[in-house]
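Protein chains in written order, with my numbering: chain S, 3 to 122; chain B, 1271 to 1574; chain D, 127 to 260.
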């Protein structure tokens, strides 16, 4: 399944779809890191609005993506986790600890723009 | 020894299976016959039923036209259930019907009453038709009764289930009203919790809060538990989960009014209070929230 | 198979998605709230994932169940894999899936209303969970 990765200035926006298989997630992990390096992005926003279930594998993959992107000197923000999905995740003990989160794409961009604001 | 017994058992089972098959074939045929009779006499039987309903003063909340319309659907569903010997369609219809008539104030005894009346009306018409042949009448009734009883059961249970669902919904609405999530400022929500929280209410609070965070685009939430006397481990867990889930939606949670007892409960279940954002009282919590949101607190004496 | 049952063979990660989508659909049909349907789908995802990770193949059975005054959904995840040597340990909280090893069973138990597990080393594992519609 193709996941669209858009470039927005110095940021990348990856929009995850609903029924991603493990293989898809693995491909994404590799692909995203590659793009970050190639385009010298400062940050990646991973939009999971369409994901109706976030299980342990998805959660682990997101944390690994954030980790690998951090190793390349960039940041990751996960946005769009739905209230019900968040509820289910915490029951399973999946807290995405150590990964920045924001409500949606708009908030994610606001957060990053603030972070990477040129200091006077 | 065991072998011989088991072969006898097999023979007996086969025989009773054959008997069952024969009798179920016969009863299917009888059912077909009586379904045909019920269809042929539909108009007259339905009218008889509707007048019996009026006589016994059931469904007073509905108009004559409405009763007639529903009676037609019920009659047809009834006969169809008899014919197909399946009850899913009837169940679905019963739920549908209940959804419509419960808001009108129709009660359980009325629904059970009218279904039993229909069963009687139809049974009597079968008596009338087959009274000359006593044996046949018996067989027809043998075929009719279990199906008719199951129909009455299905409709009654469907109605009761729908009623219970409505009551639960109403209770939920009441609970929701009694636990407001307040938007105090832009991006700041306050959830004051008062009284006793059981796990069900705790879970409902979490759901409400998460929805509120999304609707109000809140970045900070202040959960005030000053009014909560005690919390058991289950509810304390819910609180922790609420904090974690809120973060997944990009919101920071500040817990205020944490009593020493509750703090102890949290520590007991393994919560690292150092990692939880806690402030003594609600006022302090709101101030910290405003700081987090970047609001500057301007003293009134500052010149403009 | 009784009408209304759905059985999903699990042998690869693709079927994890199938199983949980079927579970969500059945839950919605039964009238579960959207939140509960998500909890059910998540639990199914974890159970299916365990089968793939530890047993290579197995199956997930989804069934509507009737209580005295309520309906619910039954999920049976079974496999003939190596089994769990220490079930008590696996059920202890703290054995969560956010770590490297972990079957997420305590989490699945929290997501559902009823939970039973039988496992025999060398013979396989069966996890049975139920959720009732409120």
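Don't be surprised by glycine CBs; every beta carbon is placed ideally from N, CA and C.
In this text, all values refer to a predicted model and were calculated from it rather than measured experimentally.
Taking Cβ-Cβ distances shorter than 7 Å, what residues in chain D pair up with residue i?
{"i": "residue 82/S", "result": "Those do not exist, as residue 82/S stays about 15 Å from chain D at its closest Cβ, beyond 7 Å."}
{"i": "residue 30/S", "result": "Residues of chain D passing the Cβ test: none, with the nearest at roughly 14 Å."}
{"i": "residue 1477/B", "result": "161"}
{"i": "residue 86/S", "result": "160, 161, 164"}
Considering residue i, what are the terminal residues of the alpha helix (DSSP H) in which it resides?
{"i": "residue 68/S", "result": "58–73"}
{"i": "residue 1375/B", "result": "Taken as a continuous stretch (DSSP letters only), residue 1375/B belongs to no alpha helix (DSSP H), as it is neither H nor E."}
{"i": "residue 85/S", "result": "85–93"}
{"i": "residue 110/S", "result": "107–117"}
{"i": "residue 1314/B", "result": "1312–1325"}
{"i": "residue 1401/B", "result": "That residue, residue 1401/B, is in no alpha helix (DSSP H); it is neither H nor E in DSSP."}
{"i": "residue 1338/B", "result": "1334–1354"}
{"i": "residue 1532/B", "result": "1530–1538"}
{"i": "residue 237/D", "result": "231–237"}
{"i": "residue 1556/B", "result": "1552–1562"}
{"i": "residue 1510/B", "result": "1503–1518"}
Taking residue i as the reference, give the member of the options with the closest Cα.
{"i": "residue 53/S", "options": "146/D, 185/D, 249/D", "result": "146/D"}
{"i": "residue 1324/B", "options": "1302/B, 1387/B, 1462/B, 1428/B", "result": "1387/B"}
{"i": "residue 1408/B", "options": "1301/B, 1546/B, 1527/B", "result": "1301/B"}
{"i": "residue 1307/B", "options": "1397/B, 1428/B, 1369/B", "result": "1397/B"}
{"i": "residue 1454/B", "options": "1556/B, 1346/B, 1432/B", "result": "1556/B"}
{"i": "residue 98/S", "options": "1519/B, 1347/B, 1443/B, 1413/B", "result": "1519/B"}
{"i": "residue 1420/B", "options": "1434/B, 1532/B, 1331/B, 1358/B", "result": "1358/B"}
{"i": "residue 182/D", "options": "259/D, 256/D, 258/D, 251/D", "result": "251/D"}
{"i": "residue 110/S", "options": "5/S, 6/S, 13/S", "result": "13/S"}
{"i": "residue 141/D", "options": "231/D, 171/D, 198/D", "result": "171/D"}
{"i": "residue 1480/B", "options": "1458/B, 1549/B, 1501/B", "result": "1458/B"}
{"i": "residue 1473/B", "options": "152/D, 236/D, 256/D, 133/D", "result": "236/D"}
{"i": "residue 1483/B", "options": "1313/B, 1461/B, 1494/B", "result": "1461/B"}
{"i": "residue 106/S", "options": "1534/B, 1524/B, 1486/B", "result": "1486/B"}
{"i": "residue 1497/B", "options": "1528/B, 1336/B, 1315/B, 1478/B", "result": "1528/B"}
{"i": "residue 1296/B", "options": "1399/B, 1347/B, 1413/B, 1352/B", "result": "1413/B"}
{"i": "residue 74/S", "options": "93/S, 41/S, 90/S, 25/S", "result": "41/S"}
{"i": "residue 87/S", "options": "39/S, 35/S, 50/S, 31/S", "result": "50/S"}
{"i": "residue 15/S", "options": "21/S, 32/S, 43/S", "result": "43/S"}
{"i": "residue 93/S", "options": "246/D, 150/D, 167/D", "result": "167/D"}
{"i": "residue 70/S", "options": "31/S, 55/S, 23/S", "result": "31/S"}
{"i": "residue 258/D", "options": "240/D, 138/D, 155/D", "result": "240/D"}
{"i": "residue 209/D", "options": "179/D, 260/D, 189/D", "result": "179/D"}
{"i": "residue 177/D", "options": "137/D, 234/D, 133/D, 143/D", "result": "137/D"}
{"i": "residue 264/D", "options": "162/D, 184/D, 233/D", "result": "Coverage of chain D is limited to positions 127 through 260, which leaves residue 264/D absent and any answer about it impossible."}
{"i": "residue 1478/B", "options": "115/S, 89/S, 101/S", "result": "89/S"}
{"i": "residue 1362/B", "options": "1348/B, 1373/B, 1375/B", "result": "1348/B"}
Run through chain B and tell me which residues come within less than 9 Å of residue i, C-beta to C-beta.
{"i": "residue 6/S", "result": "Simply none; closest approach about 22 Å."}
{"i": "residue 109/S", "result": "1487, 1489, 1520"}
According to DSSP, what are the bridge partners of residue i?
{"i": "residue 13/S", "result": "10/S, 45/S"}
{"i": "residue 257/D", "result": "199/D"}
{"i": "residue 1461/B", "result": "1493/B"}
{"i": "residue 132/D", "result": "188/D"}
{"i": "residue 242/D", "result": "254/D"}
Find the residues of chain S that neighbour residue i, judging by a C-beta separation of less than 7 Å, and give them in chain order.
{"i": "residue 151/D", "result": "What residue 151/D touches in chain S: nothing, since even the nearest Cβ is about 11 Å away."}
{"i": "residue 1641/B", "result": "As displayed, chain B neither begins before 1271 nor continues past 1574, which places residue 1641/B out of reach and without an answer."}
{"i": "residue 168/D", "result": "55, 57, 90, 94"}
{"i": "residue 230/D", "result": "58, 94"}
{"i": "residue 1480/B", "result": "85, 88, 89"}
{"i": "residue 233/D", "result": "93, 94, 95"}
{"i": "residue 1517/B", "result": "103"}
Just to make sure I have the definition right: I need the residues of chain S whose C-beta is within less than 8 Å of the C-beta of residue i. Which are they?
{"i": "residue 239/D", "result": "Ordered by position in chain S, no residue passes the 8 Å Cβ test against residue 239/D, which lies about 12 Å from the chain."}
Given that residue i touches chain S, what residues does it touch there, using C-beta distances under 9 Å?
{"i": "residue 1386/B", "result": "The premise fails here: residue 1386/B is roughly 43 Å from chain S at the closest Cβ pair, so nothing lies under 9 Å."}
{"i": "residue 175/D", "result": "24, 57, 58, 59"}
{"i": "residue 1484/B", "result": "84, 85, 105, 106"}
{"i": "residue 236/D", "result": "93, 94, 95"}
{"i": "residue 1470/B", "result": "Under the 9 Å cutoff, chain S gives no residues; its nearest Cβ is about 14 Å from residue 1470/B."}
Residues of chain B with a CB under 7 Å from the CB of residue i: which are they?
{"i": "residue 260/D", "result": "1438"}
Identify the contact partners of residue i in chain B, using a Cβ-Cβ distance below 8 Å as the criterion.
{"i": "residue 64/S", "result": "The contacting residues do not exist; residue 64/S stays about 11 Å from chain B at best."}
{"i": "residue 52/S", "result": "By Cβ distance, chain B contributes nothing, its closest Cβ being about 15 Å from residue 52/S, past 8 Å."}
{"i": "residue 76/S", "result": "Here the premise fails: no neighbours, minimum Cβ distance about 19 Å."}
Got a sec, what are the start and stop residues for the beta strand (DSSP E) residue i sits in?
{"i": "residue 159/D", "result": "First-last for residue 159/D: undefined, no H or E at that position."}
{"i": "residue 97/S", "result": "From DSSP, residue 97/S is part of no beta strand (DSSP E); its letter is neither H nor E."}
{"i": "residue 1452/B", "result": "1452–1455"}
{"i": "residue 79/S", "result": "77–81"}
Name, going along the chain, the residues of the region 1427–1439 of chain B whose beta-carbon falls closer than 9 Å to a beta-carbon of chain D. 1427, 1430, 1431, 1434, 1435, 1438
Cβ-based contacts, 9 Å cut-off: residues of the region 183–209 of chain D near chain S: none
If contact means a Cβ-Cβ distance below 8 Å, which residues of the region 130–159 of chain D contact chain S? 139, 140, 142, 143, 146, 147, 150
Listed in chain order, which residues of the region 8–38 of chain S have Cβ atoms closer than 7 Å to some Cβ of chain B? none
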